[in-house]
Amino acid sequence: MFVVQLVTIIFVTTKIEGDLMRKNLVISLLLSVLLLLAACGEDKASSSSPKEIIIGNIGAMSGTSAVNGKAQSQGIEMAVKEINANGGILGAQVKVVTRDDEADPTKSKTFMEEIVDKEKARFVIGPTNSTPAAASMAYLQENKVISMIPVATGTDLISKNNPYAFRIMPSNEIQAKALVKIAVEGNYQKIALVADTSALGVDGIAVMEKTLKEYGVEPAVKVTYKSDDPDMTPIAQKIKEANADVALFWTLGADGAKIVRSLERIDYIDNLQVIGYTGLAMPNFKELAGPGANNVSVVSMNNWAVEPNQTELGPKYWAMYQKIMEEYGEYGKRDTNPTTVTSGYEAVYLLKWAIEKAGTTDTVEVKKVLENDVAEFESVFVNEYAFSEESHEGFPLSELIMVKISEMFNGDLYIKN
């Protein structure tokens, strides 16, 4: 209607004025408006019928936490392979742009800007470590890029300041509260808090200390270290000097295993119960930690732990586990944690489901679907995600349990205590 009215004005104006220059000027204006309208139409059409959907995948695929980046990538790879073989998303094939940030926040932010600015990704998965994830968060929110976080657990990654970030894994806050609750209600008298100096570690130990104070308890000792320190004996010695009877580990698997080895060397591991958050869990922890692993428990996902005397998970979770084994092998051939592989896989399928329900790749609309309709999504990771307009923390606290890290079924599934 607007264009018709504009055409009428042009013809009336040129007829009355009879001025060639004025006529040319008005016609040029009309052409500009038509081009602008056409471009708007193309933008709308391209978001509802994209030729290709770009998803960024950033994580540590080398270094001490490489197993998490590798697991995330395996899950993404599995999901994209399935999706593209079955018609893609909104009829478009999915392209994944992967970068190894080596857990370096500067590299991570550079890669994120490259993926968004040059590759034109509107959706990213990762980074896998909390410090690199925090480094890119403001940039992603400014550009309204949806960030799916299947591994990093830093509490502040999910907040009202980050409206386009959604987390699949249980946050530091949820896990820290669970660890402290178990220690206090288990009647342990001297509680040691252990964490590295990264943003992840600082966050975890702060939440644990805060939760202890809510119980009216002071920690026997707080011990921090630099991740990948070659000698963890000083850490073990401080725990021993405090006469701790329980140590709450906010450590990644390789670091935690070295501390357990050091506790064994100074002849203290048998005086201590170690309880760790999910980052401590890794398929080869028992081999790295040695006999001391028998004194270590971790937070785990209820759906991904086997009932005693049973040989399978629940049906849909077992089917997912079988997929992982078919694609990447059983434990031994595969060194990645099946729950982390599944969280990467789930991140892609959450995006697929939300984009298709929204009918567009417009991230504003996709965000609304994730916030309001996620109960409709069929998960192979949790019973039901807890996303809402108020919170983008997806993992429900009710689905966390504690398991012994040394008691495994099939090499990499925990057995419920």
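Those letters in the sequence shown? Residues 1 to 417, by UniProt numbering. Ideal Cβ placement from N, Cα and C applies to all residues, glycine included.
Sequence-distant residues of the same chain with beta carbon closer than 8 Å to residue i, five excluded per side
{"i": "residue 450", "result": "Past the edges of the chain, shown from 1 to 417, lies residue 450, and the structure says nothing about it."}
{"i": "I266", "result": "T233, A236, Q237, K240"}
{"i": "V260", "result": "I269, V274, A289, G290, G292, A293, N295, V296"}
DSSP-derived helix/strand/coil call for residue i
{"i": "Y414", "result": "strand"}
{"i": "R265", "result": "helix"}
{"i": "V321", "result": "In the sequence on display, residue 321 carries Tyr and not Val. Three-state result, Y321: helix."}
{"i": "Q273", "result": "strand"}
{"i": "Y328", "result": "helix"}
{"i": "M112", "result": "helix"}
{"i": "A134", "result": "helix"}
{"i": "L313", "result": "coil"}
{"i": "S388", "result": "coil"}
{"i": "L36", "result": "Since pLDDT at L36 reaches only 46, below the 50 mark, its modelled position is unreliable, and no value is offered."}
{"i": "L397", "result": "helix"}
{"i": "V260", "result": "helix"}
{"i": "T106", "result": "helix"}
{"i": "T233", "result": "helix"}
{"i": "A242", "result": "coil"}
For residue i, the first and last residue of its enclosing beta strand (DSSP E)
{"i": "W353", "result": "Per DSSP, W353 belongs to no beta strand (DSSP E); it is in the alpha helix (DSSP H), 338-358."}
{"i": "Q93", "result": "93-100"}
{"i": "V246", "result": "246-250"}
{"i": "K404", "result": "400-409"}
{"i": "V296", "result": "296-301"}
Alpha carbon of residue i to alpha carbon of residue j, nearest angstrom
{"i": "K404", "j": "I54", "result": "40 Å"}
{"i": "N143", "j": "K118", "result": "13 Å"}
{"i": "T197", "j": "T224", "result": "6 Å"}
{"i": "A92", "j": "K51", "result": "5 Å"}
{"i": "Y345", "j": "E264", "result": "37 Å"}
{"i": "S406", "j": "K286", "result": "6 Å"}
{"i": "Y331", "j": "G154", "result": "28 Å"}
{"i": "L140", "j": "I115", "result": "11 Å"}
{"i": "D335", "j": "V67", "result": "7 Å"}
{"i": "P234", "j": "N86", "result": "54 Å"}
{"i": "N84", "j": "M402", "result": "37 Å"}
{"i": "I269", "j": "V296", "result": "10 Å"}
{"i": "A103", "j": "G69", "result": "9 Å"}
{"i": "L25", "j": "M61", "result": "Confidence at L25 is low in this model, with a pLDDT of 47, below 50, so the placement of that residue should be treated as unreliable; the coordinate-derived value is given next. Roughly 58 Å between the two C-alpha positions."}
{"i": "M137", "j": "K160", "result": "12 Å"}
{"i": "Y277", "j": "I149", "result": "17 Å"}
Run of the alpha helix (DSSP H) containing residue i, from where it starts to where it stops
{"i": "M282", "result": "Where M282 is concerned, there is no enclosing alpha helix (DSSP H), given that its DSSP letter is neither H nor E."}
{"i": "K120", "result": "Looking at the DSSP string, K120 is not in any alpha helix (DSSP H), and its letter there is neither H nor E."}
{"i": "V369", "result": "363-372"}
{"i": "A293", "result": "A293 -> no alpha helix (DSSP H), and no H or E assigned at all."}
{"i": "E378", "result": "Run containing E378: none; DSSP gives neither H nor E here."}
Cβ neighbours of residue i in the same chain (closer than 6 Å, five flanking residues each side left out)
{"i": "A38", "result": "Low confidence applies here, because A38 scores a pLDDT of 47, under 50, leaving its location unreliable; read the following figure in that light. Closer than 6 Å at Cβ, skipping near neighbours: no residue."}
{"i": "G279", "result": "L252"}
{"i": "N243", "result": "K190"}
{"i": "I174", "result": "L397"}
{"i": "A133", "result": "P127, A152, L157"}
Close-in-space but distant-in-sequence residues of the same chain around residue i (CB under 7 Å, 5 per side omitted)
{"i": "A79", "result": "Y345, V348, Y349"}
{"i": "I182", "result": "I275, M402"}
{"i": "E113", "result": "Y139"}
Segments assigned alpha helix (DSSP H), at least 4 residues, entirely inside the segment 136-220: 172-185, 199-214
Alpha helix (DSSP H) runs contained entirely in the segment 41-92, provided each spans 4 or more residues: 66-85
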